[in-house]
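Reading through the structure tokens given below for one structure.
Following this line, the structure appears as structure tokens:
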């Protein structure tokens, strides 16, 4: 999973561990009908790396890591669902993720 997600080093290990933990939690929660796949963990880890670079987060201990990880799960869900636009006021407006998903803030004028 780490190789496919392109994560390395101590920070990469933490990203991978968190992505796997979230994926496993979706499989074990009583309220979730069908949990996430390994692909979900890989996609989440890849997106965390992209968002971290844009937010200058270099460690899981940095302020904003938890929020960034949550944002990555939202973005991964949108990508896996085939969305091309994600409306958000919290992420970088105009950023394109994986060449497929554009982040748009509906509260800012173009």
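Numbering (this note's numbering), first residue to last: 392 to 501.
C-beta: ideal position from N, C-alpha, C; glycine also.
Only a predicted model underlies this, so the values are computations on that prediction, with no experimental measurement involved.
- For residue 478, DSSP records a beta bridge to 495.
- Excluding the 5 residues flanking it on each side, residue 491 has same chain C-beta neighbours closer than 7 Å at 470, 475, in chain order.
- Note on geometry: alpha-carbon atoms of residue 410 and residue 498 lie some 30 Å from one another.
- Residue 488 carries a strand assignment under DSSP once its states are collapsed to helix, strand and coil.
- Judged by pairs of C-beta atoms under 8 Å, the segment 444-453 does not touch the segment 416-431, as fewer than three such pairs exist.
- Distance between residue 448 and residue 456, taken at the CA atoms: about 7 Å.
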